[in-house]
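In my numbering, the protein residues as written are 1327 to 1634.
Glycine included, C-beta positions come from ideal geometry on N, C-alpha and C.
Here the structure is a predicted model, which means the values were calculated and not measured.
This report concerns only the one structure given below.
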């Protein structure tokens, strides 16, 4: 399609949830910029809120540079385990990191109006944050239930917005957008293999640090085992039993399935004018070290969709 239909209209950009797949939003935004398309409004859910916030704050380049240098050692360094609270990870290290890169900014002071979508645990309702501390809004939107502790804000207990609105087209309509470009990162997850029962491996003479998400689960297990709190013996099997997927794998896969279903329903109710769907179903939620791949997919799919 050409850019003609959107001339003179207020453009909204809906950046969907998807955890590590959310790096694709950087590529989408770069492609839009090359096509001369600058959104008047941004709505983001989960990782979409994070990327959208950096973009609205004029710091997208800094986020891209970080994403391309991120490895698993850096990823696990952000873990601040607080079990047995309402989540395994407090998220303060991530909050501090974001604040150190963008500073203290209020959403209403951004050049581009931003809406961050979260879920209220008490009411199961959608919460759209349009003002106040931008970092707090992003932290609320990315709080994967069971992984990150919820955020207490204005009497509400907030978790990841992907539970209720993974691709926030409806939010942009409320904000005043007249032409909406949406990015759905989870549409082809079902094409990926289902969770498989891991095979037991022969013990090694010396322990070796694994790459990828296994490193994350090992780090979580190690930190929890070192905490000076009484835990049932069965708890340790969350990390050591090779006959079943870990509890975290089950949680992540469950979130995948939930967001596919919710996104499909919401997009039927509120279809965007343009829907960009990078093929990232092969990428797991926590593979944050695959940023270049995701960015490239977002860029190429945007160019393909808008030039069709």
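Expressed to the nearest angstrom, what Euclidean distance is found between the alpha-carbon atoms of residue 1417 and residue 1427? Mapped onto the chain shown, residue 1417 falls at position 91. Mapped onto the chain shown, residue 1427 falls at position 101. Our two residues, residue 1417 and residue 1427, have alpha carbons roughly 16 Å apart in a direct line.
I'd like to know whether the C-beta atoms of residue 1476 and residue 1483 end up nearer to each other than 8 Å. Here the question's residue 1476 lines up with position 150 in the chain shown. Here the question's residue 1483 lines up with position 157 in the chain shown. Closer than 8 Å, so yes.
Please report how far the alpha carbon of residue 1327 lies from the alpha carbon of residue 1600, in whole angstroms. Counting from one through the chain shown, the residue named residue 1327 turns up at place 1. Counting from one through the chain shown, the residue named residue 1600 turns up at place 274. With a pLDDT of only 42 at residue 1327, under 50, the local geometry of the prediction cannot be trusted, and no value is derived from it.
So if DSSP puts residue 1452 in a beta bridge, which residue, or which two residues, is it bridged to? By 1-based counting over the chain shown, the position of residue 1452 is 126. Answer by DSSP bridge pairing, in chain order: 1445.
Using a Cβ-Cβ cut-off of 6 Å (strictly less than) and excluding sequence neighbours within five positions of residue 1460, which residues of its own chain qualify? Translated into positions along the chain shown, residue 1460 becomes position 134. The residues are 1379, 1431, 1433.
In this structure, how does DSSP classify residue 1371 when only helix, strand and coil are distinguished? For this step, residue 1371 is matched to residue 45 along the chain shown. In the structure shown, residue 1371 sits in a strand (DSSP, three-state: E or B).
For the putative contact between residue 1347 and residue 1606, defined by C-beta atoms under 8 Å, what is the C-beta separation to the nearest angstrom? For the purposes of this step, residue 1347 is taken as residue 21 along the chain shown, with counting starting at 1. For the purposes of this step, residue 1606 is taken as residue 280 along the chain shown, with counting starting at 1. About 4 Å separates the two Cβ atoms, so the contact holds.
Between which two residues does the alpha helix (DSSP H) harbouring residue 1497 extend? Residue numbering aside, residue 1497 sits at position 171 when the chain shown is read from its first letter. Segment 1495–1501, the alpha helix (DSSP H) holding residue 1497.
Name the DSSP bridge partner or partners of residue 1332? For the purposes of this step, residue 1332 is taken as residue 6 along the chain shown, with counting starting at 1. Note: residue 1332 sits in no beta bridge, so no partner.
For residue 1432, which of helix, strand or coil comes out of DSSP? Translated into positions along the chain shown, residue 1432 becomes position 106. The answer is strand: DSSP assigns residue 1432 an E or B state.
Does DSSP put residue 1508 in a helix, in a strand, or in coil? Position 182 of the chain shown, counting from 1, holds the residue named residue 1508. It is a strand residue.
Measure the beta-carbon distance from residue 1617 to residue 1343 and round it to whole angstroms, keeping in mind my assumption that it falls under 8 Å. Along the chain shown, one-based indexing puts residue 1617 at 291. Along the chain shown, one-based indexing puts residue 1343 at 17. Between residue 1617 and residue 1343 a beta carbon distance of about 17 Å is seen, past the 8 Å cut, so the two are scored as non-contacting.
8 Å Cβ cutoff met for residue 1501 and residue 1590: Along the chain shown, one-based indexing puts residue 1501 at 175. Along the chain shown, one-based indexing puts residue 1590 at 264. No, Cβ-Cβ distance for residue 1501 and residue 1590 is not below 8 Å.
Helix, strand or coil at residue 1474 according to DSSP, with G and I counted as helix: The sequence position of residue 1474 within the chain shown is 148, counting from 1. Strand at residue 1474.
For residue 1342, the residue or residues it bridges with in DSSP: Here residue 1342 is taken as the residue at index 16 of the chain shown, counted from 1. Partner(s): none; residue 1342 has no beta bridge.
For residue 1587, which residues from the same chain have a beta carbon less than 7 Å from its beta carbon, with the 5 sequence-adjacent residues on both sides left out? Mapped onto the chain shown, residue 1587 falls at position 261. Taken in chain order, the list of residues that qualify is empty.
Distance CB(residue 1585)-CB(residue 1488) smaller than 8 Å: What you label residue 1585 is simply residue 259 of the chain shown in a count that begins at 1. What you label residue 1488 is simply residue 162 of the chain shown in a count that begins at 1. Yes.
Apply the 10 Å Cβ neighbour rule to residue 1397 and answer buried if 16 or more other Cβ atoms are within range, or exposed otherwise. Looking up residue 1397 in the chain shown gives position 71. Burial call: exposed.
Can you say whether residue 1454 is buried or exposed, counting buried as having 16 or more other CB atoms within 10 angstroms of its CB? To locate residue 1454, count along the chain shown from 1; it is residue 128. So residue 1454 ends up on the buried side.
If you follow the alpha helix (DSSP H) that residue 1361 is in, where does it begin and where does it stop? Taking the chain shown and counting its residues from 1, one reaches residue 1361 at position 35. Note, residue 1361: premise wrong, no alpha helix (DSSP H); not H, not E.
Rounded separation between residue 1402 and residue 1615 - CA only: Walking along the chain shown from the start, residue 1402 turns up at place 76. Walking along the chain shown from the start, residue 1615 turns up at place 289. Their Cα atoms are separated by approximately 11 Å.
State buried or exposed for residue 1437, treating a residue as buried only when at least 16 other CB atoms are found within 10 Å of its CB. Translated into the one-based positions of the chain shown, residue 1437 becomes position 111. Burial call: exposed.
Closest to residue 1390 by C-alpha separation, out of 1399, 1354, 1360, 1462, would be which residue? Here residue 1390 refers to the residue found at position 64 of the chain shown. It is 1354 whose Cα lies nearest to the Cα of residue 1390.
Less than 8 Å separating the beta-carbons of residue 1619 and residue 1602? Here residue 1619 corresponds to residue number 293 of the chain shown, with the count starting at 1. Here residue 1602 corresponds to residue number 276 of the chain shown, with the count starting at 1. Contact flag unset, no.
Evaluate residue 1333 with the Cβ neighbour count: other Cβ atoms within 10 Å of its Cβ, from every protein chain shown; 16 or more gives buried, anything less gives exposed. In the chain shown, the residue the question calls residue 1333 occupies position 7. With fewer than 16 other Cβ atoms within 10 Å, it is exposed.
Euclidean distance between Cα positions of residue 1458 and residue 1480: Position 132 of the chain shown, counted from the start, is the residue given in the question as residue 1458. Position 154 of the chain shown, counted from the start, is the residue given in the question as residue 1480. Near 11 Å, if we compare the C-alpha coordinates of residue 1480 and residue 1458.
Reduced DSSP category for residue 1396 - H, G, I as helix; E, B as strand; rest coil: Translated into the one-based positions of the chain shown, residue 1396 becomes position 70. In this structure, residue 1396 counts as coil in the three-state DSSP scheme.
Is residue 1522 buried or exposed, if buried means 16 or more other CB atoms sit within 10 Å of its CB? Counted from its first residue, the chain shown places residue 1522 at position 196. Bear in mind that a pLDDT of 49 at residue 1522, under 50, signals an unreliable position, so the model cannot answer this.
Proximity winner among 1495, 1415, 1399, relative to residue 1485 (alpha-carbon distances): Within the chain shown, the letter at position 159 stands for residue 1485. Of the listed residues, the one whose Cα sits closest to residue 1485 is 1415.
If you draw a straight line from the alpha carbon of residue 1472 to that of residue 1577, how long is it in whole angstroms? The residue you call residue 1472 lines up with position 146 of the chain shown. The residue you call residue 1577 lines up with position 251 of the chain shown. Each residue's Cα considered, the two are about 8 Å apart.
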